Amino acid sequence: MLANQIAAGEVVERPSSVVKELLENAVDAGATRIQLDIERGGTRLIRITDDGHGIERDQLELALARHATSKIQYTDDLKAIHTLGFRGEALASISSVARLSLSSKASNSASDAAGWSAIAQGQDMAVELQPRPMPVGTIVEVRDLFFNTPARQKFLRAERTEYVHIEETLKRVALASSQVAFTLKHNGKVTKRIPAAQSPEQQKQRIGSIVSNRFLSQALHLDTRIDSLRLWGWLSRPEHHQNSNLSQYVFVNGRAVRDRTLNHAIRQSYQDLLPTGRVPAYVLYLELDAEQVDVNVHPTKHEVRFSDARQVHDFISRAVAEALQPQNE
Ligand code: ADP
Ligand code: MG
């Protein structure tokens, strides 16, 4: 319990951190539809319903245990992560600082069978299982976040602020997973609907509706490959600069990251083209071999380490600089 709470300190900073972990789990489960229900900025309720492959009854308890992950089997798998999760920490951490229930019906269960709900309770987090009628997929409900950690509770901001963080988290996950449809409800009202994109044209539209149509309508498109590296996406033209680094999104192999190497490389290419204090907007996807990037740097997995950071840096700044050349206008 205590170890879980300490780990929770690193993983669960605020409601949006819970949302991030649960959304990533749903994406990892191959969901095509994910519904997010939030009450009171996520402090009262965060419920995520997905139509992914689900969890078998006898695996439910394990899913709540610390360091239990079904996503990697051997230490060597850590060298090439293909899923968003892999540390097996999130559910255990969240259930140590909130009332968590995990309900699931596995895709390989009989169609008339019920799903199962698991709730970890008490000091020893004993898991209780109950049948729950539901379609194939998983429902995670997190209530009363930080009810038992008053120190954390104090850091919670106004409902509106926590909600905005959740919306931002959803944007990042949605930008990374164009094949998934998302719905967000806050206090019972639908506040966001993001459909799945089937074609590149739909994907472009989807990015516009998530980030801003104004950004996308003026943005430059880029798609560059060198060896095993590929960078694609959209960048603002130098004359359409902004003054805050909102609308700067970078994804590495489908994972939203905040990475110095990448941001530096992009900024460098814009350097002499922007007035001081002004910054570009971009949605960029970097793809490279999973072996070339280490995502196991920090529990929140926002940071990555490249085996050849210099090569990545140079590739990016060159690709961006080329896209910004006047002949591309
Ligand atoms: P990790 O994602 O790092 O493996 P988590 O604590 O987030 O660890 O989840 C633990 C395990 O629970 C996962 O490895 C997975 O097997 C299972 N799980 C969690 N959420 C889902 C979901 N939405 N659908 C299917 N399985 C899930
Ligand atoms: Mg996870």
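With UniProt numbering applied, the sequence shown corresponds to residues 1 to 329, in that order. Every residue gets a Cβ at the ideal spot worked out from N, C-alpha and C, and that includes glycine. Please read these numbers as outputs of a predicted model, since none were measured by experiment.
>> Tell me whether ALA63, by its Cβ, gets closer than 6 Å to a heavy atom of the ligand MN.
In response: Questions concerning the ligand MN fall outside what the structure shown contains, since the ligands it does hold are the ligand ADP and the ligand MG.
> Assuming ALA98 and PHE146 make a contact with CB atoms under 8 Å, what is their CB distance in whole Å?
Replying inline: For this step, residue 98 is matched to residue 98 along the sequence shown. For this step, residue 146 is matched to residue 146 along the sequence shown. 7 Å between Cβ atoms; contact.
> Based on Cα-Cα distance, which residue from LYS105, LEU170, GLY188 and SER217 lies nearest to PRO195?
Replying inline: The residue labelled residue 195 in the question sits at position 195 within the sequence shown. Per the Cα distances, LEU170.
> Does the beta-carbon distance from VAL136 to SER178 come in below 7 Å?
Replying inline: What you label residue 136 is simply residue 136 of the sequence shown in a count that begins at 1. What you label residue 178 is simply residue 178 of the sequence shown in a count that begins at 1. Contact: no.
> What are the start and end residues of the beta strand (DSSP E) that includes THR224?
Replying inline: Reading the sequence shown from its first residue, position 224 is the one you call residue 224. Where THR224 is concerned, the enclosing beta strand (DSSP E) stretches over 220-226.
> Roughly how many whole angstroms lie between the Cα atoms of GLU141 and LEU45?
Replying inline: By 1-based counting over the sequence shown, the position of residue 141 is 141. By 1-based counting over the sequence shown, the position of residue 45 is 45. Cα to Cα, GLU141 sits roughly 7 Å from LEU45.
>> Measuring only the C-alpha atoms, how far is GLU168 from LEU62?
In response: Numbered from its first residue, the sequence shown carries residue 168 at position 168. Numbered from its first residue, the sequence shown carries residue 62 at position 62. Straight-line measurement puts the Cα of LEU62 at about 30 Å from the Cα of GLU168.
> Shortest alpha-carbon distance to SER247 belongs to which of ARG260, TRP232 and ILE207?
Replying inline: Within the sequence shown, the letter at position 247 stands for residue 247. Comparing Cα-Cα distances from SER247 to each of ARG260, TRP232 and ILE207, the minimum goes to ILE207.
>> I need the DSSP call for GLN73, collapsed to helix, strand or coil.
In response: Stepping through the sequence shown from its first residue, residue 73 is reached at position 73. Correct three-state label for GLN73: coil.
> Comparing the CB of ILE46 with every heavy atom of the ligand ADP, is any distance shorter than 6 Å?
Replying inline: As a first step, residue 46 is located in the sequence shown; it is residue number 46 there, counting from the start. Because no heavy atom of the ligand ADP lies under 6 Å away, the Cβ of ILE46 does not count as near it: no.
> For the candidate residues VAL304, GLU201, GLU303 and ILE226, whose alpha-carbon lies nearest to that of SER317?
Replying inline: In the sequence shown, residue 317 corresponds to position 317, counting from 1. With distances taken between Cα atoms, SER317 lies closest to ILE226.
> Just the Cα atoms here: how many angstroms apart are SER236 and THR183?
Replying inline: Numbered from its first residue, the sequence shown carries residue 236 at position 236. Numbered from its first residue, the sequence shown carries residue 183 at position 183. When only Cα atoms are considered, SER236 and THR183 end up about 28 Å apart.
> Enumerated in chain order, which unbroken segments of the alpha helix (DSSP H) with a length of 4 residues or greater are wholly contained in the segment 27-110?
Replying inline: Listed in chain order, the complete alpha helix (DSSP H) runs (minimum 4 residues) inside the segment 27-110 are 60-64 and 90-97.
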